[in-house]
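Let me begin by presenting the structure, written as structure tokens, before commenting on it.
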Amino acid sequence: MEELFDNDYIKMMQALLKDEYAAYLDSFKRGPVNALRVNTLKIEPSAFIKKLTLHLTPVPWTKDAFYYAGDKENLSKDPYFAAGLYYLQEASAMLPAEALNVQEGDIVLDMCAAPGGKSTKLLASLKNQGLLIANDISASRANALVKNLELFGAVNAYVISEDLTKHKKRFKHFFSKILIDAPCSGEGMFHKDPGVLKNYRQKSKAYYTDIQKALLDTAYELLMPGGEVVYSTCTFDPLENEGAILSLLQKHPDMHIIPIDINYEGFAPGIEYGGYDFHHALRLYPHHLKGEGHFCCKIKKDGKLIIPHKQNFNIPKINLPKPFNELELLNNGKLISINDDLYRLPDHYFDFNKLRTLRSGLKVGSFKNARFKPDTALALALNPQNFKAKISFKHDDIRINKYLKGETIDLCGLDYHEGYNLICLEDYPLGFAHIKNGIFKNSLGRGWIRP
Ligand SMILES: C[S@@+](CC[C@H](N)C(=O)[O-])C[C@H]1O[C@@H](n2cnc3c(N)ncnc32)[C@H](O)[C@@H]1O
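In the numbering used here, each residue carries its 1-based index in the sequence shown increased by 14.
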């Protein structure tokens, strides 16, 4: 592996790790370790582990994730994945969202969110209360973010694609918690993808450090007094970690590093940098634990945290046809029409005017020729107990795969209703189908159909 590194990288890692450098190199022989995180909005981890026949062992720094021995591709094809029961995520990348310790009413910003590994965890910690703004500057990457949040059943979330450095004044002091999972030179990913090495050499250090410092400065402006930021990267380079944070602390004396309240013997402390002690930051190295590597640091702004109550805002009522007008989720929410699409806005007000917005809350459906068609995102966010017309299949029923491929299903022997039916895998919704005169019409949205 070392032959792939350039001299600067070798020198940096030797200076950082000293006599542990050989152990670091050895860790590459192990190959990647696979892990998944359970969607606690849909299922408890203790119930989930009974569902898969795989051997699962807990990831020590979080209660909702497991290492698995098995093929990643198979797990991404499992129908439980299509029902949003879990997310496949590298284990050390699970720490930052855990460290932010989001609580139900928080107003949370995930500044660099795509494809959504950490946003899905933030959403689950919020228990779909409060507000999540998931942002990524890359609109194409943000599409994957939308899909992953919808799979998880997101209701109180916006997905935007913005350069937030341009909105410092507009959203000043708006957020109680902010995650910056910063773009970086990414050596933490060398295990998973040696291709990162090529990219690593193409971009200068200054390219990343300039963005990282700008993101930290923006987070400072957007954070409420008393609020907290977690800054993370998957690089080991002190310049992009301790160095970036030092520049924030020097500019803003009301920002202080605070301990991350998670203990694991494999975590290493941050290093001393520029005369400043970063021992409360955490460095995750692949030779100390089962993970590719990460840096994570928590910073708090002085002041008393006061999270404002939900703002009451009025918009004209939109009427839905039966049975959708009987759903509490939609009756209690504010519905807005954007072009032909209908959204249920998050309960907490957020001014998304003129922002590049990919999702304004839950996409409920669309009106075509004055007919309402429910969206797959709505199905994934529903509690099936609240929807009478449903058809449930067992995990090994081949009709599940037919449904996920967008095909039609023979209704023989099935209990169904005329009109829209919620198609479920056991108790977990997958999407809708429309049934008229005994003919099944698959209503899975285009982006949800499997090849
Ligand atoms: C390390 S990845 C984020 C991974 C993500 N947090 C997850 O857990 O799935 C960094 C992301 O930052 C985005 N990015 C780069 N510069 C940005 C900026 N100035 N503002 C917002 N996002 C940015 C990139 O498009 C990329 O998706």
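From the three backbone atoms N, C-alpha and C, an ideal C-beta is built for every residue, glycine too. Only a predicted model underlies this, so the values are computations on that prediction, with no experimental measurement involved.
Item	Value
Segment limits, alpha helix (DSSP H) that includes residue 27	21 to 31
Ligand 1 heavy atom lying under 7 angstroms from the CB of residue 152	yes
Contact test: residue 48 Cβ vs ligand 1 heavy atom, cutoff 7 angstroms	no
Same chain, Cβ closer than 7 angstroms to residue 304, neighbours up to 5 away in sequence not counted	47, 81, 105
Among 385, 370, 396, the one whose alpha carbon lies nearest that of residue 376	396
Reduced DSSP secondary structure (H/G/I, E/B, other) of residue 424	coil
6 angstroms Cβ shell around residue 83 - same chain, five flanking residues per side excluded	69
DSSP state of residue 62 mapped onto helix, strand, coil	helix
Extent of the continuous beta strand (DSSP E) run through residue 133	Counting along the chain, residue 133 falls outside any beta strand (DSSP E), though it belongs to the alpha helix (DSSP H) covering 131 to 140.
Proximity test, residue 149 beta-carbon vs ligand 1 heavy atom, cut-off 7 angstroms	yes
Residue 197 CB to nearest heavy atom of ligand 1 below 7 angstroms	yes
Collapsed DSSP secondary structure at residue 270 in the structure displayed	strand
Whole-angstrom distance between residue 368 and residue 284, CA atom to CA atom	40 angstroms
Residue 33 Cβ short of 7 angstroms to ligand 1 heavy atom set	no
Every unbroken alpha helix (DSSP H) inside the region 398 to 465 [4 residues or more]	412 to 418
Residue 149: first and last residue of the uninterrupted alpha helix (DSSP H) it sits in	Looking at the DSSP string, residue 149 is not in any alpha helix (DSSP H); the run it does join, the beta strand (DSSP E), is 145 to 149.
Coarse secondary structure for residue 387, derived from DSSP in three states	strand
Distance cut-off 7 angstroms: residue 305 Cβ against heavy atoms of ligand 1	no
Contact test: residue 372 Cβ vs ligand 1 heavy atom, cutoff 7 angstroms	no
Touch test, the region 248 to 259 against the region 315 to 328, Cβ-Cβ under 8 angstroms, three pairs minimum	no
Cutoff 8 angstroms: residue 60 Cβ touching any chain D Cβ	Any reference to chain D falls outside this structure, which holds one protein chain only.
Cβ-heavy atom distance, residue 155 to ligand 1, below 7 angstroms	yes
Those residues which DSSP pairs with residue 173 across a bridge	148, 373
Secondary structure, alpha helix (DSSP H): runs of 4+ residues fully inside the region 37 to 121	59 to 62, 86 to 91, 93 to 96, 109 to 113
Cβ-Cβ separation, residue 160 to residue 169 (assumed contact under 8 angstroms), whole Å	No, residue 169 and residue 160 are not in contact; Cβ-Cβ is about 14 angstroms, not under 8 angstroms.
Residue 161, enclosing beta strand (DSSP E) - first and last residue	Careful: residue 161 lies outside any beta strand (DSSP E), inside the alpha helix (DSSP H) at 153 to 165.
Reference residue 331; option with closest CA among 313, 357, 164	357
For residue 256, the three-state DSSP class (helix, strand or coil)	helix
Whole-angstrom C-beta distance between residue 53 and residue 119, which should lie under 8 angstroms	Contact doesn't hold; Cβ gap of about 20 angstroms is too wide.
Cβ-Cβ distance between residue 394 and residue 378 below 8 angstroms	no
Burial state of residue 1 (16 or more Cβ within 10 Å)	Coverage of the chain is limited to positions 15 through 465, which leaves residue 1 absent and any answer about it impossible.
contact_flag[the region 134 to 143, the region 110 to 117] where n(CB pairs < 8 angstroms) is 3 or more	yes
Residue closest to residue 176, alpha-carbon to alpha-carbon, out of 128, 189, 165	128
DSSP three-state assignment for residue 232, whether helix, strand or coil	helix
Beta-carbon spacing of residue 438, residue 388 below 8 angstroms	no
Strand pairing of residue 282, partner residues [DSSP]	297
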